[in-house]
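> If you're matching positions, the sequence shown starts at 726 in this note's numbering and goes up one per residue.
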Amino acid sequence: MATEDTGTPGPGGWENNLGISAERQHGSWRYGVPEMELNYGAGEHMQLVLGMPYVRVTEADGARNSGFGNITTGVKWRFWEDGETGAALALFPRLAWNSSGATASRGLDSRGYSLLLPVIAGFSRGDTGWYAEFGRNIVQRGPHEWQAGVKVLHQCLPQLECRAELEYTRVPRDGGQTTARLGGKWRLSENLIFNFSAGRDIAGGREGRRGLVTYAGVQWLR
């Protein structure tokens, strides 16, 4: 899901993600096959992130392109938390840039770099957690964006965490777009988790709403 939480892997911990994503818009499809992401716990309150997808695009007219998408790297820093109330605050700046000159020319990702600067607030009580994210996405070759999201987590079963999310993106003078997702996290073993989600754009989107946004993948903990 797009909205982050305030958690980190812990000192020396790894959270490695490998999955498949799919988006449908105006009869075209964009796949991440696979989506790859490495997360490392640099201390108790910090997380280092590195990710990159291999993208396949199928246009409505049947034209196809594929290649590596944008590289994303970032640092999450949980700078405040209250163990008694379960509240926490974190910063999670992320920089994304083209992995090659062909990334943008093939229509696999936007041209240039982007810098996302969000703040994350979280609160947990018992089996339920609430998270909110708000920030600015600075885009090199395009309009800058405001982004916000809210996510609710609930332990539905001992092995299953249920998730619901609303994400909002707004470009000044160009309107906004709202995406809704439902998903979950199924713990297969102590070190292996299956993540899944599905959703769609429910409002806005001047360039056309995405009729489907999905993800499925495994997370390996170490």
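Every residue gets a Cβ at the ideal spot worked out from N, C-alpha and C, and that includes glycine. Only a predicted model underlies this, so the values are computations on that prediction, with no experimental measurement involved.
Grab me the residues of T828's own chain with a C-beta within less than 6 Å of its C-beta, minus the 5 sequence neighbours each way, in chain order.
On the sequence shown, position 103 is the one that residue 828 refers to. Hits under 6 Å: D834.
> So, are the CB atoms of P778 and G799 less than 8 Å apart?
For the purposes of this step, residue 778 is taken as residue 53 along the sequence shown, with counting starting at 1. For the purposes of this step, residue 799 is taken as residue 74 along the sequence shown, with counting starting at 1. Taking 8 Å as the Cβ cut-off, P778 and G799 do not qualify as a contacting pair.
> Looking at the secondary structure, which residues open and close the alpha helix (DSSP H) in which S830 lies?
To locate residue 830, count along the sequence shown from 1; it is residue 105. 827-830 is the extent of the alpha helix (DSSP H) around S830.
> For the beta strand (DSSP E) holding S753, just list the boundary residues, first then last.
Along the sequence shown, one-based indexing puts residue 753 at 28. Per DSSP, the unbroken beta strand (DSSP E) holding S753 starts and ends at 753-766.
> Would you check if there are 3 or more beta carbon pairs closer than 8 Å linking the stretch 744-758 to the stretch 766-777?
no
> Go to T904, then tell me how far its beta strand (DSSP E) extends in each direction, as first and last residue.
For the purposes of this step, residue 904 is taken as residue 179 along the sequence shown, with counting starting at 1. That run of the beta strand (DSSP E) goes 900-912.
> Check whether the Cβ atoms of Y940 and S791 sit closer than 8 Å, and answer yes or no.
Here residue 940 refers to the residue found at position 215 when the sequence shown is read from its first residue. Here residue 791 refers to the residue found at position 66 when the sequence shown is read from its first residue. Going by C-beta atoms, Y940 is not nearer than 8 Å to S791.
> How is the beta strand (DSSP E) around P843 delimited, first residue to last?
In the sequence shown, the residue the question calls residue 843 occupies position 118. From DSSP, the beta strand (DSSP E) with P843 extends over 839-850.
> If the criterion is Cβ atoms closer than 8 Å, does the pair R925 and G936 meet it?
Numbered from its first residue, the sequence shown carries residue 925 at position 200. Numbered from its first residue, the sequence shown carries residue 936 at position 211. Cβ atoms of R925 and G936: closer than 8 Å.
> For R934, does the three-state DSSP call read helix, strand or coil?
Taking the first residue of the sequence shown as 1, we reach residue 934 at position 209. R934 falls in the coil class under three-state DSSP.
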